[in-house]
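In mature numbering (1 follows the signal peptide of the UniProt record, and there is no 0), the protein residues as written are -24 to -1, 1 to 339.
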């Protein structure tokens, strides 16, 4: 999924940016969602996406494990990544890890920038296929837009993997490497239980309405507390993974709910650090704030006490495992590739964890 204070769908650049936010804040597996979810990114301070789910679907998804491949395993091979954006901070960190792991394994990596445009992303897939890369990864803000290009690449003998955001099953990708938005929501719920064991009144700040991250992260959270009547969600405003909107939403909540009327605010993206810092500066330490995704700004807010904690969707882990799975697939180690979904771990981070687990990206 894609994240951000800048974190990862399209009809015009603005709409696309908001959708892409859901990507990184956004990563999302459908299989996992049903079972139980930062990241994609968005311009102007957004986070990012994962998926919906059913028990059967969830059973098909498994946690990603980094293949045990020695350096140079894929020496001389070429690997490509068609990314919806290479400038969104979360995705830039993912790209960097992807390149480093590819080079460690002996591959020559090429990463092409889709500039938040699905047509460009699709053209880049064709460009990489024409260059005869040995494996190709795709990070798309739309699960369906690249399907034709992906099928064409695979028909020509190039295996394609989805990275950070899942592709439509019709694409026939080898696997999806990223986060489950449903599990992401479950982790948010677990943070809530830890922060407020006695229960409380909660506001949940949503990402772009209707997107997989918004739907599945909310479902995961709701499933955690559905049998716990001491927890009540009393408001669900929307910040669309945007920093300025998060601030406005937080200000509205503080005005609407005086002390004693609201116990916690949970955001689906990292923008919560903006509202949490504002609340702290204005004496509203009666409210516990929880974010989604783990930017440097979120880390600082956790250290200061403005934020209680967050869910860490690691861009570096996604990039590293993506490159390693591609190498494993083309080097005779297909048994080391988790398919059809390889969901990365989504650990929670609180003040007790930040020294041992610092943030990997800033944005």
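We treat Cβ as the ideally placed atom computed from N, Cα and C, and that holds for glycine.
*Residues near residue 312 by beta carbon distance below 6 angstroms, same chain, minus five either side*: Same-chain partners within the cutoff: 43 and 304.
_Bounding residues of the alpha helix (DSSP H) (the contiguous stretch that carries residue 220)_ = Following the DSSP letters along the chain, one finds residue 220 inside the alpha helix (DSSP H) bounded by residues 219 to 232.
*With residue 291 and residue 111 assumed to form a contact (beta carbons below 8 angstroms), what rounded beta-carbon distance in angstroms separates them?*
Contact flag wrong, Cβ pair sits at about 20 angstroms.
*Take the Cβ of residue 281 as the centre, count every other Cβ of all protein chains shown within 10 Å, and call the residue buried at 16 or more, exposed below.*
Under a 10 Å Cβ-count criterion, residue 281 is classified as exposed, with fewer than 16 other Cβ atoms of the shown protein chains found around its own Cβ.
*Can you name, in chain order, every residue of its own chain whose Cβ lies under 6 angstroms from the Cβ of residue 85, other than the five neighbours on each side?*
Only 55, 75 and 78 meet the Cβ criterion.
*Start and end of the alpha helix (DSSP H) containing residue 126?*
Run containing residue 126: 123 to 131, per the alpha helix (DSSP H) assignment.
*6 angstroms CB neighbourhood of residue 175 in its chain, flanking five on each side removed*: Cβ neighbours of residue 175 within its own chain (closer than 6 angstroms, five residues either side excluded): 206 and 207.
*How would you write the range of the beta strand (DSSP E) that residue 58 sits in, first residue to last?*
That run of the beta strand (DSSP E) goes 54 to 59.
*What does a CB cutoff of less than 8 angstroms around residue 330 pick up in its chain, not counting 5 residues either side in sequence?*
Answer for residue 330: 275, 278 and 279, listed in chain order.
_Close-in-space but distant-in-sequence residues of the same chain around residue 418 (CB under 8 angstroms, 5 per side omitted)_ = In the structure as shown, the chain starts at -24 and stops at 339, and residue 418 therefore has no counterpart that could be examined.
*What whole-angstrom Cβ distance do residue 96 and residue 90 have, given they're in contact under 8 angstroms?*
About 5 angstroms; that satisfies the 8 angstroms criterion.
*residue 181 vs residue 135 beta-carbon contact at 8 angstroms*: For the pair residue 181 and residue 135, the CB atoms are not nearer than the 8 angstroms cut-off.
*Run the CB neighbour count on residue 51, radius 10 Å, all protein chains shown included, and call it buried at 16 or more, exposed below.*
Exposed, because fewer than 16 other Cβ atoms sit within 10 Å of the Cβ of residue 51.
*With distances taken between CB atoms, is the gap from residue 318 to residue 153 smaller than 8 angstroms?*
Taking the C-beta atoms as reference points, residue 153 is found nearer than 8 angstroms to residue 318.
*Can you tell which of 309, 334 and 316 has its C-alpha closest to the C-alpha of residue 286?*
Closest by alpha carbon: 334.
*Compute the Euclidean distance between the alpha carbons of residue 179 and residue 140, then round it to the nearest angstrom.*
Cα to Cα, the separation comes out at about 27 angstroms.
*Given residue 327, which residues of its chain have a CB within under 6 angstroms of its CB, disregarding the five upstream and five downstream residues?*
Closer than 6 angstroms at Cβ, skipping near neighbours: 278.
_Chain-order list of residues whose beta-carbon lies under 7 angstroms from that of residue 62 (same chain, five-residue window excluded)_ = Non-local C-beta neighbours of residue 62 in its own chain, meaning closer than 7 angstroms and more than five positions away in sequence, comprise 68, 71, 87 and 89, ordered along the chain.
_DSSP-derived helix/strand/coil call for residue 89_ = Residue state, collapsed to three classes: strand.
*Would you kindly work out how many angstroms separate the C-alpha atoms of residue 243 and residue 147, rounded to a whole number?*
If you take the alpha carbons of residue 243 and residue 147, they lie about 32 angstroms apart.
*residue 319 by DSSP, collapsed to three states: which one?*
Three-state result, residue 319: strand.
*Thinking C-alpha only, which one of 106, 283 and 157 is nearest residue 249?*
For the residues 106, 283 and 157, the minimum Cα distance to residue 249 belongs to 283.
*Taking all protein chains shown into account, decide if residue 108 is buried (16 or more other Cβ within 10 angstroms of its Cβ) or exposed.*
Exposed, since its Cβ has fewer than 16 Cβ neighbours within 10 Å.
*Can you have a look at residue 302 and say buried or exposed, based on whether 16 or more other CB atoms are within 10 angstroms of its CB?*
Buried, by the Cβ-count rule.
*In three-state terms, what does DSSP make of residue 62?*
In this structure, residue 62 counts as coil in the three-state DSSP scheme.
*Is the beta carbon of residue 266 less than 8 angstroms from the beta carbon of residue 255?*
Taking C-beta atoms as the reference points, residue 266 and residue 255 fail to come closer than 8 angstroms.
*Return the residue from the list 260, 323 and 189 that minimises the CA-CA distance to residue 233.*
When only C-alpha atoms are compared, the closest one is 260.
*Just the Cα atoms here: how many angstroms apart are residue 142 and residue 268?*
Roughly 19 angstroms between the two C-alpha positions.
*DSSP-derived helix/strand/coil call for residue 263*: Reduced to three states, the DSSP call for residue 263 is coil.
*Opposing strand residues paired with residue 179 [DSSP bridges]*: Looking at the DSSP output, residue 179 shares a beta bridge with 211 and 241.
*By the 10 Å Cβ neighbour count, where 16 or more other Cβ atoms means buried, how is residue 345 classified, buried or exposed?*
Absent from the structure is residue 345, since the part of the chain shown begins at -24 and ends at 339.
*Span separating the alpha-carbon of residue 273 from that of residue 228*: So the two alpha carbons sit approximately 22 angstroms from each other.
*Compare the C-beta of residue 229 against all C-beta atoms of chain B and say whether one is closer than 8 angstroms.*
Looking at the structure shown, chain B is missing, and only one protein chain is on hand.
*Quick one: Cα of residue 34 to Cα of residue 49, how far?*
No answer about residue 34 holds up, because its pLDDT of 36 lies below 50 and its placement is not dependable.
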